[in-house]
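Read in order, the letters of the sequence shown correspond to residues 1 to 692 in full-length UniProt numbering. Virtual Cβ for every residue (Gly too), placed ideally from N, Cα, C. A quick write-up on the structure given underneath.
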Amino acid sequence: MSRAVAVATCALNQWALDFEGNLERIFRSIDIAKRKGARYRLGPELEICGYGCSDHYYESDTLLHSFQVLEKLLQSPATQDIICDVGMPVLHRNVRYNCRVIFLNKKILLIRPKISLANAGNYRELRWFTPWSKARHVEEYFLPRIIQEVTGQETVPFGDAVLATKDTCLGTEICEELWAPNSPHIEMGLDGVEIFTNSSGSHHVLRKAHARVDLVNSATAKNGGIYILANQKGCDGDRLYYDGCAMISMNGETVAQGTQFSLNDVEVLVATLDLEDVRSYRAEISSRNLAASKVSPYPRVKVDFALSCPDDVAVPTCMPIQWRHHSPEEEISLGPACWLWDYLRRSKQAGFLLPLSGGIDSSATACIVYSMCHQVCLAVKNGNADVLADARRIVNDETYIPKDPREFCKRIFTTCYMASENSSRDTCNRAKLLAEQIGSYHINLNIDAAVKAVVGIFSVVTGRTPQFSVCGGSNRESLALQNVQARIRMVLAYLFAQLTLWARGMPGGLLVLGSANVDESLRGYLTKYDCSSADINPIGGISKTDLRNFIQYCLENFQLTALSSIMSAPPTAELEPLVDGQVAQTDEADMGMTYAELSIYGKLRKIAKAGPYSMFCKLINMWKEICTPREVASKVKHFFRMYSVNRHKMTTLTPSYHAENYSPDDNRFDLRPFLYNTSWSWQFRCIDKQVN
């Protein structure tokens, strides 16, 4: 009896609309799977065109080029004698579907459209695709002529069906269907499907990986079976980082685990598993067997092929393993670093420039770039030819080999401390010391001349000279003077990003990095078009609390002793005059709330869907030991006033790495007005009534 099946899944770093690169990575994954003995290969969701095509899905070009790639796959000898399961958009009867195309030996076996579409948070699949709503129903799909000429088929099955091979039965899920309350694997398993496959386009969020792993393992814990999950990895042209974690599970236990973060464009997992283990596991679950006797059958596509070999008694099978999860600090160190590397190499720039203030946020950003340099050197040491080729192109040296993270950092990372008369010697020294320890090319400059020139123009025109509040000026004057400093820093950052390498006799330009955290963006505690305005921001989706923990992690793991004094210093913008040579301005005093409070407000506003009244109701219980109801009401009102007054700043927020589910990113994640009635009169009256 044939019983040991060899299956492969993969994580591919696909790029939206990069059909040539995507095809090459698909071919590599199939080649690796075959060399490791697999008879079935599963790839990520929409891997042919790349998941993040967005409104390009409307274009007929995207459909055409996807079929052209499929033609290449069908024609190639590399895809012979292995069932290949690839993802692409398909137009059926003038309706676009997100599909799996499953083929073997130049014949398409089944096109399976997605049933449950992801349409929350960052996902907008219902904008481009229609869910397949005909359960257990199959129609004829008329193939395009270019595919007919390869396969000799005029039509193929299209719909909700399963594959019946000589030795087992396979059923397909696509990403969101695993997360749905009525996942297809439930009834497929009851109908005798033994192997479930899931092709995902699932992005990284801090502390999320365990939820995905738990879902996969629980899918087969109650019902038995083998579950194979593939996922995209990397930055495919957007704010998201797809975090791999390809895995294979059997009977509720993980048997193969892929990496969550790496610079490998192609990662393939192969597992050999005993079908008899599935059958014996199911045999003793009487409730499952009773339900199975009443289930409606799925249409079966018969496949004259086996996933096992005839004589496989001596073939070793995979045993359960313990899944190893990263800590949140490790996730921050690795995820944004990999995202930055993808952005840098794909944008074809020569490196990064960061305004380094000596505070926690910009220092955390610098540490992420340093972590990226570590990952590059490690990948090259492990023989990653793709990373080596990218590194050589970025530094414009065909013989270069990155070995030391500090030396590589010196080549691709420029930091810049932009002092003013309001800057302290302490922050200048902290920035300089950190730059020395990570190896960046560091610039010290002073912006006072530019600030005086800009303010001088205003004085000439109006005859008035604004003053800081500590010098007798109004709040309006003081805020305007702070904003001038902040905006001049943005202008200088872009000037130095464009011309620093030119001045050093080197080719290329630099990407400007921003460093506003998610809590400051939520509160609007930033100047519009200041140094938070940049090309990309690796920490824009990370809370201040997590960044402090990450700084401690870097202090311990990278031995960056400069971070110790940065950790102990109070966060400050240093935009107001010093008092006796010391910083008098602090972030939390300016904001009227702590960073810890901001994180709570953010989670309640976005994740708990709480408006002012609901937030007040929740917080009077959460904070009953530390605040009176009247104090809670005052805090909630202040937050919503500041949030709504500053919401317009989110419309120009620098594209940031998405890491938190309470991100205020206005672009596509947190869709809200940016012109509010900031008095919230009705809502606040409801709060006052409860307080009284």
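C-beta contact flag for residue i and residue j at 8 Å
i, j, result
"residue 329", "residue 595", "no"
"residue 280", "residue 4", "no"
"residue 515", "residue 652", "no"
"residue 513", "residue 435", "no"
"residue 243", "residue 204", "yes"
"residue 196", "residue 225", "yes"
"residue 104", "residue 230", "no"
"residue 182", "residue 288", "no"
"residue 360", "residue 548", "yes"
"residue 38", "residue 78", "no"
"residue 524", "residue 649", "yes"
"residue 69", "residue 23", "yes"
"residue 384", "residue 522", "no"
"residue 353", "residue 481", "no"
"residue 450", "residue 270", "no"
"residue 657", "residue 241", "yes"
"residue 215", "residue 331", "no"
"residue 613", "residue 644", "no"
"residue 254", "residue 321", "yes"
"residue 416", "residue 370", "no"
"residue 527", "residue 557", "no"
"residue 277", "residue 250", "yes"
"residue 238", "residue 13", "no"
Bridge partner(s) assigned by DSSP for residue i
i, result
"residue 267", "11"
"residue 158", "111 and 139"
"residue 173", "198"
"residue 250", "226 and 253"
"residue 446", "419"
"residue 536", "513"
Distance between residue j and residue i (C-alpha atoms, nearest Å)
i, j, result
"residue 376", "residue 343", "14 Å"
"residue 16", "residue 493", "30 Å"
"residue 432", "residue 460", "37 Å"
"residue 175", "residue 122", "14 Å"
"residue 56", "residue 96", "12 Å"
"residue 336", "residue 532", "17 Å"
"residue 286", "residue 402", "59 Å"
"residue 142", "residue 505", "59 Å"
"residue 164", "residue 292", "17 Å"
"residue 680", "residue 381", "58 Å"
"residue 577", "residue 259", "49 Å"
"residue 228", "residue 58", "30 Å"
"residue 540", "residue 551", "16 Å"
The alpha helix (DSSP H) enclosing residue i, as first and last residue numbers
i, result
"residue 657", "Segment: none, residue 657 is in no alpha helix (DSSP H) and carries neither H nor E."
"residue 28", "19-35"
"residue 302", "Residue 302 -> not in any alpha helix (DSSP H); beta strand (DSSP E) instead, spanning 300-302."
"residue 189", "184-190"
"residue 133", "Counting along the chain, residue 133 falls outside any alpha helix (DSSP H), and DSSP gives it neither H nor E."
Local Cβ density within 10 Å of residue i, reported as buried at 16 or more and exposed below that
i, result
"residue 339", "buried"
"residue 456", "exposed"
"residue 75", "exposed"
"residue 194", "buried"
"residue 696", "The structure shown does not extend to residue 696, since the chain is modelled only from 1 to 692, so the question has no answer here."
"residue 489", "buried"
"residue 688", "exposed"
"residue 503", "exposed"
"residue 674", "exposed"
"residue 593", "buried"
"residue 427", "buried"
"residue 712", "No information on residue 712 is available, as it lies outside the stretch 1 to 692 that the chain covers here."
"residue 304", "exposed"
"residue 154", "exposed"
"residue 470", "exposed"
"residue 544", "buried"
"residue 586", "exposed"
"residue 404", "exposed"
"residue 607", "exposed"
"residue 327", "exposed"
"residue 517", "buried"
"residue 398", "exposed"
Bounding residues of the beta strand (DSSP E) (the contiguous stretch that carries residue i)
i, result
"residue 98", "95-104"
"residue 87", "83-92"
"residue 355", "352-355"
"residue 41", "40-42"
Proximity test, residue i beta-carbon vs the ligand FMN heavy atom, cut-off 7 Å
i, result
"residue 68", "By its list of ligands, the structure shown contains no ligand whatsoever, and the ligand FMN lies outside what it can speak to."
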